[in-house]
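K.L.:
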Amino acid sequence: MSPQSILIGQIVLVFTTIILTTWYATQWVALQFDYDAYLGAPWFTVSDYKIYFPWRLFEWWYSFDAYAPSVFAKGGQIAAGGGFIGTLFAVAGSVWRGRQAKKLTTFGSSQWASKSMMKQAGLFADDGVFLGQAHDNYLRHNGPEHVMAIAPTRSGKGVGLVIPTLLSWTGSTVIHDIKGENWQLTAGWRSTFSHCLLFDPTNTASAKYNPLLEVRKASVKSATYKTLPTSWLTQTVCWSAVTIGRKLRIHCSSAQFSIFSTRRKKRH
Ligand SMILES: Nc1ncnc2c1ncn2[C@@H]1O[C@H](COP(=O)(O)OP(=O)(O)OP(=O)(O)O)[C@@H](O)[C@H]1O
Ligand SMILES: [Mg+2]
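Residue numbers (this note's numbering): 60 to 327.
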């Protein structure tokens with residue numbers, strides 16, 4: 060909450076407290092006098108109860124104090140109590156405002172997320188990419204935003220984030236898996252509910268793909284003839300413009316890809 064909002068709330072709260080307690084004191088004094096006609100005309104009535112203006116207490120006190128000093132002393136204490144409570148609210152609000160003012164954002168507002176911030180960001184969701192663990196909950200991201208994990212080698216990116224995500228992610232995935240560990244550890248499980256392809260040209264177990272099949276026999280003038288060599292040259296390695304599974308278009312420029320599609324296996 061901004062310091063300005065706190066100040067406005069503080070002023071409203073203090074004045075409301077003082078007015079309400081003074082009004083209560085006025086009504087209490089009127090009750091002690093049994094709403095006598097000498098007290099004057101009420102502001103309005105609510106089912107036989109006469110309601111007076113809050114400040115009438117001071118008029119009556121000035122006029123009738125000699126007749127019932129103890130009643131006005133008690134009424135005055137009630138009204139003063141409201142002032143005391145109002146003062147407490149004012150002091151508490153000032154302390155709060157002072158603390159808020161210390162949160163300077165001159166050099167940026169980035170900070171470590173608190174539990175409520177994590178919850179608000181939807182990181183305690185039951186599905187999505189694993190990001191870590193906090194407050195006895197897994198942190199998972201399931202939005203359209205990109206996720207990047209940067210950590211030293213052998214620090215647990217694979218075992219902590221990538222493999223748990225692959226074991227729980229039910230959507231399609233394309234995994235750049237240079238070491239092959241992700242395929243080795245997760246393809247078996249993922250094969251139970253999806254169609255998994257290992258694309259590794261140096262491996263005899265790899266899925267086979269012939270880029271020349273992209274050229275349609277019927278159309279000799281097809282633009283494919285022109286685009287294929289261009290792609291091969293610019294990509295420097297082997298394959299380009301590959302269409303696999305659910306029309307996943309991938310530019311392969313390194314050794315190994317694992318492709319997991321949610322498409323069911325075809326029975327041959
Ligand atoms: N099942 C396991 N039990 C205990 N330790 C493990 C297990 N699996 C991996 N480790 C260890 O956890 C550490 C992190 O491994 P991990 O492969 O996740 O790191 P990484 O951050 O992905 O590294 P790299 O950058 O090399 O890919 C390694 O030291 C590894 O030996
Ligand atoms: Mg790794």
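From the three backbone atoms N, C-alpha and C, an ideal C-beta is built for every residue, glycine too.
Going along the chain, which residues of its own chain have a beta-carbon closer than 8 Å to the beta-carbon of Val130, five neighbours each way excluded?
P.N.:
Counting only Cβ-Cβ distances below 8 Å, and skipping sequence neighbours, we find Val88, Gln91 and Phe92.
K.L.:
I need the residues with a C-beta less than 6 Å from some heavy atom of ligand 2; please give them in chain order.
P.N.:
Those satisfying the condition are, in chain order, Lys216 and Gly217.
K.L.:
Quick test of your reading: Phe143 and Leu72, contact by CB under 8 Å. State the CB separation rounded to the nearest angstrom.
P.N.:
Not quite, the Cβ-Cβ distance comes to about 14 Å (not below 8 Å), so this is no contact.
K.L.:
I need the boundaries of the alpha helix (DSSP H) containing Tyr83, first residue and last residue.
P.N.:
Note, Tyr83: alpha helix (DSSP H), Pro62 to Gln91.
K.L.:
At which residues does the alpha helix (DSSP H) containing Ala193 begin and terminate?
P.N.:
Careful: Ala193 lies outside any alpha helix (DSSP H), inside the beta strand (DSSP E) at Val188 to Ala193.
K.L.:
Alpha carbon to alpha carbon, how far is Val150 from Ser122? Give it in angstroms, no decimals.
P.N.:
Their Cα atoms are separated by approximately 35 Å.
K.L.:
Is the distance from the Cβ of Val218 to the Cβ of His200 below 7 Å?
P.N.:
Not closer than 7 Å, so no.
K.L.:
Tell me Asn196's beta-bridge partners as DSSP assigns them.
P.N.:
Bridge partners of Asn196: Ala193.
K.L.:
Using 7 Å as the threshold, is the C-beta distance between Ala138 and Thr75 below it?
P.N.:
It is not a contact, given that the beta carbons lie outside the stated cut-off.
K.L.:
Tell me whether the segment 150-169 and the segment 61-71 touch, counting them as touching only if at least three CB pairs, one residue from each stretch, are closer than 8 Å.
P.N.:
Flag = yes, the segment 150-169 and the segment 61-71 touch.
K.L.:
What are the start and end residues of the beta strand (DSSP E) that includes Phe258?
P.N.:
His254 to Phe258 is the span of the beta strand (DSSP E), which, as asked, contains Phe258.
K.L.:
Relative to the C-alpha of Met60, which candidate in Trp171, Thr232, Arg156 and Thr165 has its C-alpha closest?
P.N.:
When only C-alpha atoms are compared, the closest one is Arg156.
K.L.:
Please tell me whether, using a cut-off of 6 Å, the distance from the CB of Arg199 to the nearest non-hydrogen atom of ligand 1 is below it.
P.N.:
Answer for Arg199: no, Cβ out of range of ligand 1.
K.L.:
Can you name the residues that DSSP bridges to Phe103?
P.N.:
The partner list for Phe103 (beta bridge, DSSP) reads Ile110.
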